[in-house]
Amino acid sequence: MDKFVVRGGNPLLGTIKVSGAKNSALPCMAAAILTEDEVILENIPQVNDIETERKLLTSMGAEVELGYGRAQHRTRIKCAILSDPVAKYEIVKTMRASSLVLGPLIARTGIARVAMPGGCAIGGRPIDLHINGLEAMGATITQDHGYLEARADRLKGAHIVFDKITVTGTEDLLMAATLAEGESVFENCAREPEVTDLAALLIAMGAKIEGAGTGTIRIQGVSKLHGARHRINPDRIEAGTFLIAGAITGGDLNVDCCEPKHLGALITKLEQCGVKIDVGTDHVRVRSGGELKAADITTEEYPGFPTDMQAQYMALATQAEGTSTVIENIFENRFMHVQELIRMGANITISGRTATVRGKTPLQSAAVMCSDLRASASLVLAALVADGETILDRVYHLDRGYEHFEEKLRGVGAQIRRMGDVFGRK
Ligand code: EPZ
Numbered sequence: 001m002d003k004f005v006v007r008g009g010n011p012l013l014g015t016i017k018v019s020g021a022k023n024s025a026l027p028c029m030a031a032a033i034l035t036e037d038e039v040i041l042e043n044i045p046q047v048n049d050i051e052t053e054r055k056l057l058t059s060m061g062a063e064v065e066l067g068y069g070r071a072q073h074r075t076r077i078k079c080a081i082l083s084d085p086v087a088k089y090e091i092v093k094t095m096r097a098s099s100l101v102l103g104p105l106i107a108r109t110g111i112a113r114v115a116m117p118g119g120c121a122i123g124g125r126p127i128d129l130h131i132n133g134l135e136a137m138g139a140t141i142t143q144d145h146g147y148l149e150a151r152a153d154r155l156k157g158a159h160i161v162f163d164k165i166t167v168t169g170t171e172d173l174l175m176a177a178t179l180a181e182g183e184s185v186f187e188n189c190a191r192e193p194e195v196t197d198l199a200a201l202l203i204a205m206g207a208k209i210e211g212a213g214t215g216t217i218r219i220q221g222v223s224k225l226h227g228a229r230h231r232i233n234p235d236r237i238e239a240g241t242f243l244i245a246g247a248i249t250g251g252d253l254n255v256d257c258c259e260p261k262h263l264g265a266l267i268t269k270l271e272q273c274g275v276k277i278d279v280g281t282d283h284v285r286v287r288s289g290g291e292l293k294a295a296d297i298t299t300e301e302y303p304g305f306p307t308d309m310q311a312q313y314m315a316l317a318t319q320a321e322g323t324s325t326v327i328e329n330i331f332e333n334r335f336m337h338v339q340e341l342i343r344m345g346a347n348i349t350i351s352g353r354t355a356t357v358r359g360k361t362p363l364q365s366a367a368v369m370c371s372d373l374r375a376s377a378s379l380v381l382a383a384l385v386a387d388g389e390t391i392l393d394r395v396y397h398l399d400r401g402y403e404h405f406e407e408k409l410r411g412v413g414a415q416i417r418r419m420g421d422v423f424g425r426k
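Just so we're aligned, residue 1 is where the sequence shown starts under the UniProt record's numbering, counting upward by one.
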């Protein structure tokens with residue numbers, strides 16, 4: 001298993017480029033299931049979850065080309081024939097977002113067999129809201145040996161109020177509703193930019209959708225969708241991670257090719273911490289504003305402070321003067337990074353969903369273990385300011401969602417390198 005070796009102490013200086021959003025690309029790739037025509041997606045990030053999605057679609061009979069040549073970062077998907085509408089456990093267990101094929105498969109083929117995703121490090125991650133919504137649209141869904149078996153002659157439009165705000169739940173049902181008979185009205189929808197990005201692709205494919213990005217989305221079902229070409233949004237979580245990297249190292253970093261309007265909650269918080277922020281049209285410059293000040297966060301659905309930035313913010317909070325309270329409202333077990341940060345010298349206590357960070361504490365290098373995608377990023381950020389050389393194990397977690405992470409950071413002065421497994425094991 002690959003490791004990272006990070007030597008702390010360098011302020012990050014220069015320009016770092018943001019890639020396409022993994023969490024937009026995954027539902028948009030699944031949306032190609034809805035048509036027999038070719039769908040071309042650009043600005044696809046070269047991360048392992050995208051490769052997993054390619055394998056998943058190919059296993060169902062889709063043609064999927066994935067190219068990362070200079071101008072490319074493009075995928076071409078053609079689901080003319082879906083010979084095997086099954087999302088196999090071997091693939092689903094490595095990526096929960098595989099459940100995003102459930103709605104499109106039922107809508108397109110009337111049948112789907114999707115392995116139950118199971119939980120992950122950060123929580124139980126049920127998909128009951130996906131299932132309840134599809135049943136309300138007329139699907140019959142049974143559970144069989146760890147798989148969901150779903151059938152429907154043709155889905156019917158429905159009025160659904162989500163019990164909880166769910167990003168992929170909203171995306172799954174939105175895709176299903178595009179080919180359902182009649183109108184669907186979904187309330188209490190997720191408003192994340194990834195939902196809006198998916199809706200833009202679906203509309204380009206001929207879907208009739210209003211209200212994406214708000215809490216209420218109306219869809220008029222159509223009989224067929226056609227191919228389209230679409231450019232994926234920049235990754236707001238990668239951009240936010242880099243903003244914190246610039247802040248925590250006291251550097252002067254220009255985060256380029258991002259969408260500043262998706263970063264409002266984080267930018268406001270960083271300014272409260274005393275960080276200097278200059279917002280451009282497609283870039284944000286972050287500079288040290290002197291000593292960091294403590295500030296509290298509570299993770300909320302978009303446009304609130306994103307749960308996917310909680311771990312990264314906590315690393316910053318260890319370097320702020322004062323006490324910062326971090327409340328994780330979305331997932332029940334998203335503090336896996338805390339024990340590792342404590343091993344590096346952080347002063348953090350946890351009570352239920354609240355972590356209390358007392359700073360400023362000098363961090364020391366240590367051998368640490370990555371547990372999930374964003375916890376891994378948090379540990380890299382801590383290592384960038386730790387005294388000495390930190391070894392991070394199991395960076396495959398990070399490779400799922402950050403493209404060329406160590407190369408990008410090295411390009412702005414970080415002392416970070418990848419150390420392959422001596423036996424070449426992944
Ligand atoms: C998406 O996960 C993202 N993944 C996550 O990013 C992100 O953390 C999360 O949204 C919240 O923003 C992708 O988009 C691929 P949810 P998702 O459904 O859709 C509960 C990353 O780091 N819930 O919005 O799975 C659930 O347990 C990943 O890139 C149900 O109870 O999250 C959670 O407590 C991690 N029943 C809350 O809702 C359901 O059927 C929000 O989950 C669905 C969700």
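The C-beta atom is built at its ideal place from N, Cα and C for all residues, glycine as well.
In this text the structure is predicted, and so the values were computed from the model without any measurement.
DSSP, reduced to helix, strand and coil, places M419 within a strand of the structure shown.
For the options K276, N132, P45, E90, the alpha carbon positioned closest to that of G146 is the one of E90. Here G110 is not near D144, since their CB atoms are 8 Å or more apart.
Non-local beta-carbon contacts of E135 in its own chain, meaning distances under 8 Å to residues more than five positions away in sequence, involve I141 in chain order. Around the beta carbon of V286, a 10 Å sphere encloses 16 or more other beta carbons of the protein chains shown; the residue is thus reported as buried.
Within the same chain, R54, T75 come within 6 Å of L66 by CB-CB distance, once the 5 residues on both sides are set aside. By the Cβ-count criterion, K22 is buried, with 16 or more other Cβ atoms from all chains shown falling within 10 Å of its own Cβ. For M314, the enclosing alpha helix (DSSP H) covers residues 310-317. Counting along the chain, the unbroken alpha helix (DSSP H) around H130 starts and ends at 128-136.
In terms of Cα proximity to A107, the closest of V284, R400, L82 is L82. Distance between M419 and E389, taken at the CA atoms: about 13 Å.
With respect to the C-alpha of G251, the residue from M1, G14, G411 having the closest C-alpha is G14. Between ligand 1 and L129, a heavy atom-to-CB distance of less than 7 Å is present. When only Cα atoms are considered, L198 and G123 end up about 25 Å apart. Residue environment for R334: buried (at least 16 other C-beta atoms within 10 angstroms of its C-beta).
Counting only the Cα atoms, L155 lies some 7 Å from A139. DSSP, reduced to helix, strand and coil, places R394 outside both helices and strands of the structure shown, so it counts as coil. Beta-bridge pairing by DSSP links G123 to C120. A Cβ-Cβ contact shorter than 8 Å links V86 with R113. Runs of beta strand (DSSP E) with 3 or more residues, each lying fully within the region 321-369, are found at 322-327, 347-351, 354-359, 367-369, listed in chain order.
Under the 8 Å Cβ criterion, the region 227-246 does not count as touching the region 211-219, having fewer than three qualifying pairs. Secondary structure of F162 (DSSP, three-state): coil. Going by DSSP, I77 is part of the beta strand (DSSP E) stretching over 74-78. Within 10 angstroms of the beta-carbon of T35 lie 16 or more other beta-carbons, which makes it buried. Relative to ligand 1, the nearest heavy atom lies less than 7 Å away from the CB of V167. In this structure, L381 keeps its C-beta atom at 8 Å or more from the C-beta atom of I209. Within the DSSP bridge table, the entry for N233 names no partner.
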